[in-house]
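Novice: So the first sequence is residues 102 to 506, counted in the working numbering. Here it is, the structure, as C-alpha cells.
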Amino acid sequence: MGSKKSLKKIGIIDCNNFYVSCERLFNPESIGRPTVVLSNNDGCVIARSQEAKDLGIKMGEPFFKSRDFMDQHKFCVYSSNYNLYGDMSDRVMTLIKSFANDIEVYSIDESFVDFSNIPDEHLLDTLRGIKNEVYRQTGIPVSIGVGPNKTLAKLTSYFAKKQPNYNGVCSYWDVPNFENICYSIPLDEVWGIGRKWYKKFKNIGVETVGQFINTSDYTVRKLTNVNGSKTQLELKGLYCYQIQKQTKLKRNIASTRSFGKDVTDFEQMGEAMYNYIVSGTKKLNQSSVLANKATIFVSGNYHKGDKYHYSKTINLQNPTSDSDEIWSQIYDQFKMICDKKEKFKKCGIIFNELTPENVIQCSLFEEEINYVEPPVNEIKDWEMKQEYITQKYTTSWADLPKVFV
DNA sequence: TCTGGGGTCCTAGGACCC
DNA sequence: TCTGGGGTCCTAGGACCC
102 MGSKKSLKKI
112 GIIDCNNFYV
122 SCERLFNPES
132 IGRPTVVLSN
142 NDGCVIARSQ
152 EAKDLGIKMG
162 EPFFKSRDFM
172 DQHKFCVYSS
182 NYNLYGDMSD
192 RVMTLIKSFA
202 NDIEVYSIDE
212 SFVDFSNIPD
222 EHLLDTLRGI
232 KNEVYRQTGI
242 PVSIGVGPNK
252 TLAKLTSYFA
262 KKQPNYNGVC
272 SYWDVPNFEN
282 ICYSIPLDEV
292 WGIGRKWYKK
302 FKNIGVETVG
312 QFINTSDYTV
322 RKLTNVNGSK
332 TQLELKGLYC
342 YQIQKQTKLK
352 RNIASTRSFG
362 KDVTDFEQMG
372 EAMYNYIVSG
382 TKKLNQSSVL
392 ANKATIFVSG
402 NYHKGDKYHY
412 SKTINLQNPT
422 SDSDEIWSQI
432 YDQFKMICDK
442 KEKFKKCGII
452 FNELTPENVI
462 QCSLFEEEIN
472 YVEPPVNEIK
482 DWEMKQEYIT
492 QKYTTSWADL
502 PKVFV
C-alpha cells in the first residue's frame with residue numbers, strides 16, 4: 102500500500118446524462134419518464150435518460166425511426182438548447198474548481214481533476230462529498246472515477262456507473278481483481294479506442310481490455326498510432342496524458358451545419374455559407390482572435406450514399422475576423438467546389454491558425470481585396486429544424502429555481 | 001544522358017473525443 | 001420526408017528545395 106503514495110490520483114468527474122439532467126431541472130414533468138435530447142435539425146438522439154436507455158434507445162439513433170416508439174412510451178423529447186447546457190456546465194465546473202486546484206475542463210460535462218495530494222484514506226470520502234455537493238448546489242448528478250491516469254480513471258468511472266453498489270463513486274484501487282475483470286470489459290469501452298480501431302483488433306481476436314493489454318506493443322503500434330500505444334501504456338498503469346491545467350488556446354473555430362433539405366441551387370449554397378461565415382466570425386470575436394486561414398467544405402447526404410466531401414484551405418491575405426473580407430476571399434474556391442456536384446446536404450467553414458487580435462500584424466504588401474457582394478436569397482432550404490425547443494429559463498438566471506435543495 | 005537522398009512545408013483525410 | 005456539430009491529433013503524400 103505504501104507504493105501508492107508515489108502514484109498520481111487522477112479523477113474524472115462527469116455529469117450523468119448531462120443534457121437530459123439539464124432539461125429535467127426546468128421540465129420536472131420529464132423526471133421518471135423516458136427522456137431524450139435531439140441534435141440540431143432534430144436529427145438524432147444525443148442524450149438519453151436511464152429510462153430511455155433501458156427501453157433500448159441508442160446514442161445517435163435517428164429520431165424519425167423511433168418517433169412512433171417514443172410516442173407509445175410517452176417519452177419527453179427536447180431539441181438541444183446549448184445556451185442552457187453551457188450555463189449549467191459553467192456552474193458545475195466553477196463549483197468543482199472550488200474543491201480542487203488542478204482541474205482540466207475536458208468537455209461540456211466532464212473534467213479531469215488531480216487528487217494526488219489527498220491522502221489515500223480520505224480519497225473516497227472526499228469524492229463522495231464533491232458528488233453530493235454538486236448535486237445539492239446545481240441539481241446535476243455526477244459520477245466520479247479515480248485511478249493512476251486518465252485512461253484508468255475513465256475505465257473506473259465506467260464501473261462507477263455500471264455497478265449500482267459503487268453509488269457513482271469508484272476508485273481503481275478499490276476494485277477487487279481489476280486485472281481479471283478487464284477480460285470481461287469490451288475493448289471499445291476504453292477511452293481512445295473508437296469504432297475503427299476496435300474492429301481492427303477484433304479481426305485479430307482481441308476483443309477485451311485484458312487481451313488488448315497483453316497484445317504486443319508492435320502490433321498495437323501497427324494497427325493504430327502513437328496514441329494507441331499511449332492508451333495501452335496507461336492501461337498498464339503508466340502515466341502518459343497530462344492534466345491540462347491551463348485552458349489551451351483554441352486552434353480552430355468552426356461553423357458548419359446540415360441543411361433542412363438537400364440544396365441544389367448555388368445561390369442558396371452561397372447564402373448558407375455566408376451565414377456560417379457570419380456566425381463563425383462572431384465566435385472569433387468572442388475569443389478575441391483572428392484567422393489566418395479558412396477551410397471551406399461542402400458535402401453530400403452521407404446516409405443516402407452521397408459520400409462526397411470537397412474542401413479547400415485558403416490563406417487569408419491578412420489575419421481577419423471580417424465576414425465580408427473572408428467571403429470575398431473564399432468565393433472563387435467555394436464556387437469551384439460547389440461546381441463538382443449539384444446536390445448538397447451540408448457545408449461549413451473552419452478557421453485555422455488563429456492569432457490573438459491584439460497582436461498587430463503589419464504586412465509589407467497590402468494587397469487589394471476584390472470584394473464580392475454577400476448573397477441575398479428568399480428561399481432557405483438550408484435552415485434548420487427545431488420543433489421541440491424549450492426557450493424558457495435560459496435568459497434570466499435570477500429566475501433559476503433552486504431545485505432539490 | 002542519367003541519376004539521389006534528404007529535408008521542409010502544406011494539405012487532405014482519417015482516426016479519436018465529447 | 002426525416003441521420004449533429006465542434007474539437008484534437010496523427011499520418012501519408014505531393015511539391016519544392018538543395
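Ideal placement from N, C-alpha and C gives every residue a C-beta, glycine not left out.
Under 8 Å: do the segment 268-283 and the segment 345-364 share three or more Cβ pairs, one atom per stretch?
Specialist: With a cut-off of 8 Å, the segment 345-364 and the segment 268-283 do not count as touching, because too few Cβ pairs lie within range.
Novice: Tell me which same chain residues have a C-beta within less than 6 Å of the C-beta of Gly371, skipping the five on either side of it?
Specialist: Sequence index remark: in the first sequence, residue 371 carries index 270 (1-based). Within the same chain, Gly371 has close Cβ partners Pro476.
Novice: Suppose contacts are defined by Cβ-Cβ distances below 8 Å. Is Thr456 in contact with Leu391 by that definition?
Specialist: On the first sequence, residue 456 is found 355 positions in, with the first residue counted as 1. On the first sequence, residue 391 is found 290 positions in, with the first residue counted as 1. Contact: yes.
Novice: Please report how far the alpha carbon of Tyr236 lies from the alpha carbon of Ala254, in whole angstroms.
Specialist: The count along the first sequence starts at 1 and reaches residue 236 at position 135. The count along the first sequence starts at 1 and reaches residue 254 at position 153. Each residue's alpha carbon lies about 21 Å from the other.
Novice: On the premise that Arg149 lies in contact with Val178, defined as a C-beta separation below 8 Å, what is that separation, rounded to the nearest angstrom?
Specialist: Here residue 178 corresponds to residue number 77 of the first sequence, with the count starting at 1. Here residue 149 corresponds to residue number 48 of the first sequence, with the count starting at 1. Rounded, the Cβ-Cβ distance is 11 Å, inconsistent with contact.
Novice: Between the alpha carbons of His410 and Gly329, how many angstroms are there, rounded?
Specialist: For this step, residue 410 is matched to residue 309 along the first sequence. For this step, residue 329 is matched to residue 228 along the first sequence. Taking the straight line from one Cα to the other gives about 27 Å.
Novice: Taking DSSP as the reference, what is the three-state secondary structure of Pro249?
Specialist: Locating residue 249 in the first sequence gives position 148, where the first residue counts as 1. Coil.
Novice: Could you spell out where the alpha helix (DSSP H) holding Asp210 opens and where it closes?
Specialist: Here residue 210 corresponds to residue number 109 of the first sequence, with the count starting at 1. Looking at the DSSP string, Asp210 is not in any alpha helix (DSSP H), and its letter there is neither H nor E.
Novice: Leaving out five residues on either side along the sequence, give the residues of the same chain with a beta carbon under 6 Å from the beta carbon of Asn402.
Specialist: Here the question's residue 402 lines up with position 301 in the first sequence. So the list reads Lys446, once near-sequence residues are dropped.
Novice: Tell me which residues share the same chain as Tyr375 and place their Cβ nearer than 7 Å to its Cβ, disregarding the 5 neighbours each side in the sequence.
Specialist: Position 274 of the first sequence holds residue 375. Correct list, in chain order: Trp428, Pro475 and Pro476.
Novice: Where in the segment 115-140 do unbroken runs of the alpha helix (DSSP H), each at least 4 residues long, occur, reported from the N-terminal end onward?
Specialist: Listed in chain order, they are 119-127.
Novice: Mind checking which residues open and close the beta strand (DSSP E) that includes Cys448?
Specialist: Residue numbering aside, residue 448 sits at position 347 when the first sequence is read from its first letter. From DSSP, the beta strand (DSSP E) with Cys448 extends over Phe445 to Pro457.
Novice: Only counting the same chain, and skipping five residues up and downstream in sequence, which positions put a Cβ closer than 6 Å to that of Val422?
Specialist: Working through the first sequence from its first residue, we reach residue 422 at position 321. A small correction: the amino acid at residue 422 is Ser; Val does not occupy that position in the sequence shown. Only Thr382, Leu385, Asn386 and Leu391 meet the Cβ criterion.
Novice: Assess, as a yes-or-no matter, whether the segment 125-133 is touched by the segment 208-220 under the definition of 3 or more beta carbon pairs within less than 8 Å.
Specialist: Touching, no, given that fewer than three Cβ pairs across the two stretches are closer than 8 Å.
Novice: State the Cα-Cα distance for the pair Tyr432 and Glu308, rounded to the nearest angstrom.
Specialist: For the purposes of this step, residue 432 is identified with residue 331 of the first sequence, where counting begins at 1. For the purposes of this step, residue 308 is identified with residue 207 of the first sequence, where counting begins at 1. Going from the Cα of Tyr432 to the Cα of Glu308 covers about 48 Å.
Novice: Determine the direct distance from the alpha carbon of Ile354 to that of Trp292, and round the result to whole angstroms.
Specialist: Residue numbering aside, residue 292 sits at position 191 when the first sequence is read from its first letter. Residue numbering aside, residue 354 sits at position 253 when the first sequence is read from its first letter. Roughly 24 Å separates the two Cα atoms.
Novice: Would Glu234 pass as a contact of Ile344 if the rule is Cβ separation under 8 Å?
Specialist: Sequence index remark: in the first sequence, residue 234 carries index 133 (1-based). Sequence index remark: in the first sequence, residue 344 carries index 243 (1-based). No, the pair does not count as a contact, with Cβ atoms beyond the cut-off.
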